[in-house]
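Worksheet: the structure to be examined is printed underneath.
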Amino acid sequence: MHDQEFRHPVDEMLPFGQLFTYGLQHVLAMYAGAVAVPLIVANALGLSHEQLIYLINADLFTCGIATLIQTLGFWKMGIRIPIIQGVTFAAVTPMIIIGKTHGLTGIYGSIIVAGIVTFLIAPYFSRLLRFFPPVVTGTIITIIGITLMPVAVRWAGGGNPAAKDFASANYIVLALITLVLVLFFYRRFKGFLSNIAVLLGLICGTIIAIPFGVVNFSQVPTAAWIGITTPFAFGMPTFDFASIVAMVLVMLVVMTETTGDCIAIGEIIEKPITQDDLSRCLRADGFSTMLGGILNSFPYTAFAQNVGLVGLTRVKSRYVVAAAGAILVVLGLFPKLAAIIASIPSPVLGGAGIAMFGMVAASGIKTLSKVQFDGTHNIMVVAISIGIGMITLAVPSFYHSFPSWAQVILHSGITAGSIAAIVLNAVLNGTEQSAKASSETLN
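Each residue of the sequence shown is one higher than the one before, starting from 72 at the first, in my numbering.
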């Protein structure tokens with residue numbers, strides 16, 4: 072009784088029906104992002120349709136395992152908060168370059184080694200947590216939200232900006248209807264139904280989209296019932312030194328982003344992230360990335376898309392995201408189910424995405440509202456960091472003339488903005504002064 076009285080909401084076990092429904096909501100929110108990397112890599116390397124389907128199944132299956140490790144914990148891995156794992160976009164360009172030179176086996180060799188390196192250095196990297204006082208974390212969370220917004224806008228316009236019908240009236244109306252539905256369910260319903268506002272909005276939006284002719288069920292009949300992922304399906308991994316160095320650099324970038332995502336969710340669920348928590352989280356990233364290389368998938372990281380969903384639903388239980396992990400494993404084993412979820416139109420996802428990603432930015436602003444700005448240099452830390460984070464958002468090719476290793480770091484506005492916030496805070500405020508300000512703010 073005493074334990075139950077003081078149990079943190081993050082450890083609350085919900086009834087099975089609620090676990091499944093909330094978990095499904097998380098899966099629908101991240102599904103498009105989860106399958107995007109296999110699609111991009113397969114198209115760039117000229118893989119067959121069958122190979123693409125295999126990559127997507129392997130990705131979903133491993134994604135589920137990675138999420139279960141992160142939420143439930145295993146040995147010294149897993150942060151045990153509601154954080155979903157997905158393939159990082161930071162690795163896309165390096166993987167395509169490696170793949171064109173050394174094939175898929177070269178990609179997987181570099182991923183396996185980079186995963187092992189990440190696992191080993193996690194305890195040392197987690198010591199950097201003292202460089203993340205509220206002014207830095209609030210700035211990073213805000214940048215995450217703003218950086219994700221173009222994803223929602225592209226979805227709302229139909230998904231592909233190069234398409235002739237991109238941002239047509241039909242797509243925009245669909246996105247707007249879905250957004251209004253999410254707000255309606257969120258505001259008018261209470262309790263459980265309010266918490267699944269995004270799921271209800273996606274379902275109703277998809278039904279409304281059917282007469283518009285944008286719901287494509289053609290992949291469902293042709294998808295296989297069962298698809299088993301086997302290790303090294305494309306051949307034994309090959310190890311190229313330059314490829315490994317590139318992928319390790321990617322994972323250092325990923326570790327920075329993961330740290331920001333962990334702190335963001337910690338803020339939302341009101342559970343401060345300790346150095347040990349972060350170490351467990353980064354170890355899980357490393358192990359899952361290594362597993363991805365073995366199971367024909369890619370490097371894994373915390374998925375920022377779902378940070379906003381946790382804030383929007385106010386459901387803090389890690390078992391909800393563990394249920395999402397179990398659903399992802401099932402989707403990886405049963406391609407026909409995955410094809411059904413893939414039928415949700417992009418504009419419908421876009422309408423819900425605007426609410427979810429906006430919620431991430433709002434959470435960052437909420438954190439910054441508790442920061443002391445008078446008599447400090449915090450205003451400059453926030454201003455310049457957000458400015459740097461927005462550079463590639465405004466002009467994606469801004470750093471095209473930089474060396475490839477620098478592009479890996481700077482291409483992500485989240486990473487560039489995060490590094491800027493950490494460095495500026497250390498230079499302008501000093502780590503000791505910022506730590507003192509941090510404790511005063513929290514008290």
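Backbone N, C-alpha and C fix where the C-beta goes; we use that ideal spot for every residue, glycine too.
C-alpha gap between residue 206 and residue 165, whole angstroms:
32 Å
Whole runs of the beta strand (DSSP E) within the segment 133-200, excluding any shorter than 3 residues
156-158
Can you tell me whether residue 234 is buried or exposed? The criterion is at least 16 other CB atoms within 10 Å of its CB, across all chains shown.
exposed
Pull up the CB-CB distance for residue 354 and residue 171, whole angstroms please, since I reckon it's below 8 Å.
With a Cβ gap of about 31 Å, residue 354 and residue 171 do not count as contacting.
Going by other Cβ atoms of all chains shown within 10 Å of its Cβ, with 16 needed for buried, is residue 498 buried or exposed?
exposed
Which whole-angstrom value describes the C-beta separation of residue 438 and residue 338, a residue pair presumed to lie in contact below a C-beta threshold of 8 Å?
5 Å
List the endpoints of the continuous beta strand (DSSP E) containing residue 373.
371-373
Which runs of the beta strand (DSSP E), 3 residues or longer, sit entirely within the segment 326-405?
371-373
Beta-carbon contacts of residue 462 that lie in its chain and below 6 Å, excluding the five residues immediately before and after:
469
Give the straight-line distance between the Cα atoms of residue 167 and residue 264, rounded to the nearest whole angstrom.
43 Å
Can at least three beta-carbon pairs, one atom from the segment 134-142 and one from the segment 77-86, be found at a separation below 8 Å?
no
Residue burial classification, residue 334 (beta-carbon count within 10 angstroms, cutoff 16)
buried
Residue 431 versus residue 377: straight-line alpha-carbon distance, rounded:
9 Å
Report the residue ranges of all alpha helix (DSSP H) runs contained in full by the segment 456-506; include only those spanning at least 4 residues, in chain order.
462-465, 475-481, 484-495
So residue 397 packs on residue 139, CB below 8 Å; how close in whole Å?
7 Å
Could you tell me the distance, in whole angstroms, from the CA atom of residue 177 to the CA atom of residue 370?
14 Å
Quick check: what's the CA-CA separation for residue 450 versus residue 444?
6 Å
Integer-rounded CB distance, given that residue 219 should sit under 8 Å from residue 375
6 Å
Counting pairs of Cβ atoms below 8 Å between the segment 377-396 and the segment 84-102, do you hit three or more?
yes
In whole angstroms, give me the CA-to-CA distance for residue 279 and residue 345.
45 Å
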